[in-house]
Structures are given as C-alpha cells and as structure tokens.
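Visitor:
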Amino acid sequence: MRPIRGVPLVAALLLAAVVGGPTPAAAGAGTDGHCARQGHVRVPGAALQQSACLADLTTTGLAGTPYTDPADQAGLTARDTPVPSGVPGVQVDGYFPDSSHFNTTHGWAHDAQFVIRLPDRWNGGLVVTGAPGTRKQYATDKAISDRVLAQGYAYAATDKGNNGVDFYRDGVRPGDAVAEWNTRTTQLTRAARRVVAQRYGHAPRRTYVTGISNGGYLTRWQLENHPELYDGGVDWEGALWTADGPSLLTSLPAAVARTYGAARDEDLYAVGFAPGSEFLWPYHEKAYWGVTQKIYRAEFDPGYDPACPGPSAGTTAEQILAPCPSDAQYDYAARPAAVHRAVARVALTGRIGRPLITLHGDLDTLLPQSADSDVYARMIDGRGRGTLHRYYTVAGGTHVDGLYDTYPDRLRPILPCYRSAFDALVAWVEHGTPPPADRTLGRPAGGDVVGSCSLDDGLRPGA
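Per mature numbering (1 follows the signal peptide of the UniProt record, and there is no 0), the sequence shown runs over residues -27 to -1, 1 to 436.
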C-alpha cells in the first residue's frame, strides 16, 4: 500500500497556478474538414473569447499547453485511467461578464470562464458540465471531456462563476455564490447550443448535462428547473442541498467535532458516515472536512463566527485546510430562519423532468451516501418521478477516484461505472432501452476495475 499524500495533494488543488507551455501547432481552418467554420463561431453573451484550431482536444494532446490544467484535475481519477487521444477540432475559451475575479486562468483574473470544444467529427450531441468542488473549467477534462470528445460529442464546461476557497465572498446575499453556479450552467448551455449550430450548421440533436460532486448537484438542479434544455443527465455523487437538511452542513460538523475530540465514531455514523469507511477518516480530517465545512457555512451562514474563515480561508495550505473550532458546535437545525432560507434558494426538490442516472460510492467520506443520494432518490420517488431515475451504488467507491491509488485493495474507481452509466443514458434516451434496475455494483473478485464496469453486475436492493 502506498503512503497517503493527502495534504500536499489538496494544497496543490487549492493553490495551483495556471499551466503554461507551448501552444500546439494549429492547422489552418478551412470550410470543410479540420476546424471547418471556426471563423463563424461567436459565443453569445461572452465578454471575451479566443478560439484555436488544435490537432488533439484531449488531455493527451493538450498536455503542457494552456488549453487544459492538470493541476486542477489532480486526484479526480485513478493514475492508470485509460484515456483516448487524437480528436482534432476547435477549442473556444472565454468568459461571460462577471464582477468577481477568483479565476486567474489565462491571466484573465475573471470569473465565469468557460471552455467549449468542437470536434471535427461530430455525432450531433452536446455534453455540458460545471466544475466539481471549488475547481475551474478544465477540472473534468480527463474524467469527462476526453471520452465524450472521442465519442464525437461537443463539450462545454463552466467554472460556475466563482471558484477557489474564497468563493463565498462572491455575491451580496447569503447563497448568492451557489445560486450563480446554476445560472452560469444554464447560460453556458444556451450559448453552447448556438455555438454548435454555428460550427456544424444545426443545433445539437441531443444535449446531456452531467457532473461530479458540485457538478452532480448542477445536473440535478438543471433537470429540475430547465428540463427543456436537456435530454438527460448523469449525476456522479452530486451534493444535496435541502432547506432543513440533510446537507453537508448537517454531517460535517460531527466530523469537525471528532477532530477536536468532541465527538465519537458513533456520532459520525449517526449523521451518515458509513461503517467501514474509517480508514479514510484521517485523510479527510486533514484534507477535506474542515475546509469544506467552514467555506460553505460562510456562504449560507456568514453571521456564525465571521472571524473564521473571515475575509479569506487562509494563505497557507495548513490555514486553508484547518477547521474552525467553532464549527465543532455548529447546529444547522438551530440556526436562524434566514440561514434556512438562504439554503432554500438553491435547494433541490427531486422534481426532475428528464431521465437521470445517479452514481454514488458507498465509502464516500465527504458526502456520505445515506445523507445524500439515498435521500435524493427518495425525493425523486416522492415527486412521482421514479420512472425517470436510475440509482447505482458503487461498492468500494469514494468521493475522489485518486484515493484508489493509495488503497487499491479497498477502493474501486467510480469513473468506469460513470462511463457505462453515460452510455446507458444515451441508449435510454435515443433508443428507448431502459438501463438496469437500481442496484449495488460490487467490486469484482478479479478483472480490470480501472478500465471497465458493467451495470448488469451486482445485486438489486433487497435481493
């Protein structure tokens, strides 16, 4: 077993600079073939855009260039994850008008940045996502963009309009920053659909929304609130926000309290952390629990201990990752009604209007499954939308696939199952082939857990 390198890794995720390097040689854009109609591409509403004709839009071809950012992708995928290459086309980078300036990518110091990729060989579809966590627009290039581009989809991703550990400073009212995530995803979807029409001559025949963690939350919200824009979505362990809980503000305080010796293991089980996940707790205690609790609490409840995190989550990695002592006593249920109203502004309802597939690891130790996707599945059923939903538990899956490299004997990457789920969604939407029933996808005794996953394997609930 390799040693955990959690704290340096997360520090890199939080503090990494923009990747620089040489620009790939760009072929001339003609009217047919490689980069056709590049000159016709104008992103509606963009304050700035730059397009490039590239020999390969995947991370394989973009490594060492300013067109992707491996540092912002770090930890999301297992080291040996197979990735495709050789997808030529047009990449458009830019930003929409915005008043915040957390995103320094390309030296722009401007939020609401986006990337749109338009492969030469297009299958008629578009895939839209928003960044997970507090990351930026290139975060899911390896996890999502590479494969969908290789399948022929156009791809669009947003930084959500604010990012980094100080994202909560954006906006005027509590909840404004997270509410902007939804607005920016809708904005990019509408713009990308028009860009696709400019490049290929007609609008996408199918548009799918998908994402990891906060990107999964965006997927849920979009299918609830703008089903007219999409044909379906895949939600990879999306964050759950509900006005009265559960949410991470009801589960993480117990984890912070345990850090300070004020809670027992049983208290973590009571708020949703899975028995059997204890081996992951030391890493999350140092790398995730404290910083996540304090910055999201500051977003929705700025009146609670405004001195921590204060005007900044910190300047050093240790300060950024450290919990606020006051969060060990944080009681969301007892907070003023205004706090609950702030969360209600971005809350989910379960009223999805398009097919949705959800995946969640049973060892997720940041967003515990029983306090998140289990609840959301019941919300969907309660709204009478269960026929539009499939829910797969990935046994041995945790919040980030990169931890598989440390615990290959205990964990299983979710990405292969996500790729199978995306294919199943397409078959469901485009061919009327229903995906397998809800089930737990068990870790096979042998075989390639990094490169493959079958949704037909596993047990149905109660079987």
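Idealized CB from N, CA, C, for every residue including glycine.
May I ask you to report which of helix, strand or coil DSSP gives Ser299?
Guide: To locate residue 299, count along the sequence shown from 1; it is residue 326. Here Ser299 sits in helix by DSSP.
Visitor: If you measure between the beta carbons of Asp143 and Val229, is that distance less than 8 Å?
Guide: Within the sequence shown, the letter at position 170 stands for residue 143. Within the sequence shown, the letter at position 256 stands for residue 229. For Asp143 and Val229, no; Cβs fall outside 8 Å.
Visitor: To the nearest angstrom, report how far apart Gln46 and Pro200 are at their CA atoms.
Guide: Here residue 46 refers to the residue found at position 73 of the sequence shown. Here residue 200 refers to the residue found at position 227 of the sequence shown. Rounded to the nearest angstrom, the two C-alpha atoms are 29 Å apart.
Visitor: Residues in the same chain with beta-carbon distance under 6 Å from Ser73, minus the five sequence neighbours each way, listed in chain order, please.
Guide: The residue given as residue 73 occupies position 100 in the sequence shown. Within the same chain, Ser73 has close Cβ partners Asp84, Asn135 and Asp143.
Visitor: Are the segment 23 to 30 and the segment 170 to 181 in contact at 8 Å, needing three or more beta carbon pairs?
Guide: no
Visitor: Roughly how many whole angstroms lie between the Cα atoms of Gly48 and Arg108?
Guide: Within the sequence shown, the letter at position 75 stands for residue 48. Within the sequence shown, the letter at position 135 stands for residue 108. Taking the straight line joining both Cα atoms gives about 12 Å.
Visitor: Assuming Val16 and Ala164 are in contact, meaning their beta carbons sit under 8 Å apart, how far apart are those beta carbons, in whole angstroms?
Guide: One-based indexing of the sequence shown puts residue 16 at position 43. One-based indexing of the sequence shown puts residue 164 at position 191. Right, their Cβ atoms sit about 5 Å apart.
Visitor: Quick check: Pro219 and Gly245, are their CB atoms within less than 8 Å of each other?
Guide: As a first step, residue 219 must be located in the sequence shown, where it is residue number 246. As a first step, residue 245 must be located in the sequence shown, where it is residue number 272. Cβ atoms of Pro219 and Gly245: closer than 8 Å.
Visitor: In its own chain, which residues sit with a C-beta less than 7 Å from the C-beta of Thr406, not counting the 5 before and 5 after it?
Guide: What you label residue 406 is simply residue 433 of the sequence shown in a count that begins at 1. Ala400.
Visitor: Taking the continuous alpha helix (DSSP H) assigned at Arg412, which residues delimit it?
Guide: Here residue 412 is taken as the residue at index 439 of the sequence shown, counted from 1. From DSSP, Arg412 is part of no alpha helix (DSSP H) but of the beta strand (DSSP E) over Arg412 to Leu414.
Visitor: Kindly list the residues whose CB is nearer than 7 Å to the CB of Val60, restricted to its own chain and excluding five residues on each side of it in sequence; keep chain order.
Guide: Within the sequence shown, numbered from 1, the residue matching residue 60 stands at position 87. Asp29, Leu30, Thr31, Pro92, Leu122 and Ala123, listed in sequence order.
Visitor: Can you name the start and end residues of the beta strand (DSSP E) that Gln86 belongs to?
Guide: Within the sequence shown, numbered from 1, the residue matching residue 86 stands at position 113. Gln86 to Pro92 is the span of the beta strand (DSSP E), which, as asked, contains Gln86.
Visitor: Would you mind reading off the limits of the alpha helix (DSSP H) that contains Gln160?
Guide: Locating residue 160 in the sequence shown gives position 187, counting from the first residue. Counting along the chain, the alpha helix (DSSP H) containing Gln160 begins and ends at Asp149 to Tyr173.
Visitor: State buried or exposed for Glu197, treating a residue as buried only when at least 16 other CB atoms are found within 10 Å of its CB.
Guide: Within the sequence shown, the letter at position 224 stands for residue 197. Counting the other Cβ atoms within 10 Å of the Cβ of Glu197 gives 16 or more, which makes it buried.
Visitor: On a Cα-Cα basis, can you pick out the residue from Ala310, Val264 and Arg308 that is closest to Glu291?
Guide: For this step, residue 291 is matched to residue 318 along the sequence shown. Comparing Cα positions, the closest option is Val264.
Visitor: Under 8 Å between C-beta atoms, does Thr371 make it to chain B?
Guide: Considering every chain present, this structure includes no chain B. It has just one protein chain.
Visitor: Check for me: the alpha helix (DSSP H) holding His313 runs from which residue to which?
Guide: Along the sequence shown, read from residue 1 onward, the residue named residue 313 stands at position 340. First-last of the alpha helix (DSSP H) with His313: Ala310 to Ala317.
Visitor: Determine the direct distance from the alpha carbon of Thr366 to that of Val422, and round the result to whole angstroms.
Guide: Taking the first residue of the sequence shown as 1, we reach residue 422 at position 449. Taking the first residue of the sequence shown as 1, we reach residue 366 at position 393. Spanning the two alpha carbons is a distance of roughly 15 Å.
Visitor: For a quick check, are the C-beta atoms of Glu210 and His333 less than 8 Å apart?
Guide: On the sequence shown, position 237 is the one that residue 210 refers to. On the sequence shown, position 360 is the one that residue 333 refers to. Contact flag set, yes.
Visitor: Any idea if Val207 is buried or exposed, counting beta-carbon neighbours within 10 angstroms, 16 or more meaning buried?
Guide: The residue labelled residue 207 in the question sits at position 234 within the sequence shown. Buried.
Visitor: Got a sec, what are the start and stop residues for the alpha helix (DSSP H) Ser427 sits in?
Guide: The residue you call residue 427 lines up with position 454 of the sequence shown. Careful: Ser427 lies outside any alpha helix (DSSP H) and carries neither H nor E.
Visitor: Between Arg146, Ile89, Thr41 and Leu161, which lies nearest to Ala112 when the distance is taken from Cα to Cα?
Guide: Residue mapping note: residue 112 aligns to position 139 of the sequence shown, counting from 1. The shortest C-alpha separation from Ala112 is found at Thr41.
Visitor: Out of curiosity, what's the CA-to-CA distance linking Leu336 and Asp304?
Guide: Within the sequence shown, residue 336 is the residue found at index 363, counting from 1. Within the sequence shown, residue 304 is the residue found at index 331, counting from 1. Approximately 24 Å, taken between the alpha carbons.
Visitor: Quick one: Cα of Tyr242 to Cα of Glu251, how far?
Guide: Numbered from its first residue, the sequence shown carries residue 242 at position 269. Numbered from its first residue, the sequence shown carries residue 251 at position 278. Computed Cα separation, rounded: 10 Å.
Visitor: What does the Cβ neighbour count give for Asp382, buried or exposed, with the cut at 16 atoms within 10 Å?
Guide: Reading the sequence shown from its first residue, position 409 is the one you call residue 382. Answer is exposed; the Cβ neighbour count stays below 16.
Visitor: What does a CB cutoff of less than 8 Å around Ala(-3) pick up in its chain, not counting 5 residues either side in sequence?
Guide: In the sequence shown, residue -3 corresponds to position 25, counting from 1. With a pLDDT of only 34 at Ala(-3), under the threshold of 50, the placement of this residue in the model should not be trusted; the figure read from the coordinates follows. Only Ala28 meet the Cβ criterion.
Visitor: Between Gly369, Leu428, Arg10 and Gly62, which lies nearest to residue 441 when the distance is taken from Cα to Cα?
Guide: It is not possible to answer for residue 441, since the shown part of the chain is limited to -27 through 436.
Visitor: Within 10 angstroms of the Cβ of Ala51, are there 16 or more other Cβ atoms? Answer buried if so, exposed if not.
Guide: The residue given as residue 51 occupies position 78 in the sequence shown. Residue environment: Ala51 is assigned as buried (16 or more neighbouring CB atoms within 10 Å of its CB, all protein chains considered).
Visitor: By DSSP, does Val(-10) sit in helix, in strand, or in coil?
Guide: Counting from one through the sequence shown, the residue named residue -10 turns up at place 18. Confidence in Val(-10) is poor, its pLDDT being 26 and thus under 50, which makes the residue's placement unreliable; the coordinate value appears in the next sentence. Three-state result, Val(-10): coil.
Visitor: Excluding sequence positions up to five away, which residues of its chain have a Cβ less than 7 Å from the Cβ of Asp429?
Guide: Counting from 1 along the sequence shown, the entry for residue 429 is found at position 456. Cβ within range, chain order: Pro409.
Visitor: Only counting the same chain, and skipping five residues up and downstream in sequence, which positions put a Cβ closer than 8 Å to that of Val56?
Guide: Position 83 of the sequence shown, counted from the start, is the residue given in the question as residue 56. Cβ-Cβ distances below 8 Å link Val56 to Thr31, Thr32, Thr33, Lys115, Asp119 and Arg120 in the same chain, with the five nearest sequence neighbours on each side left out; the list follows chain order.
Visitor: In its own chain, which residues sit with a C-beta less than 6 Å from the C-beta of Thr223, not counting the 5 before and 5 after it?
Guide: The sequence position of residue 223 within the sequence shown is 250, counting from 1. Within the same chain, Thr223 has close Cβ partners Tyr305.
Visitor: Please return the same chain residues whose Cβ sits closer than 7 Å to the Cβ of Cys426, not counting the five positions on each side in sequence.
Guide: If you number the sequence shown from 1, residue 426 lands on position 453. Short of 7 Å from the beta carbon of Cys426, and not among the five residues preceding or following it, lie these beta carbons of its own chain, in chain order: Pro389, Cys390, Ser393 and Leu414.
Visitor: Which first and last residues belong to the beta strand (DSSP E) in which Ala127 is found?
Guide: Here the question's residue 127 lines up with position 154 in the sequence shown. Note, Ala127: beta strand (DSSP E), Ala127 to Thr131.
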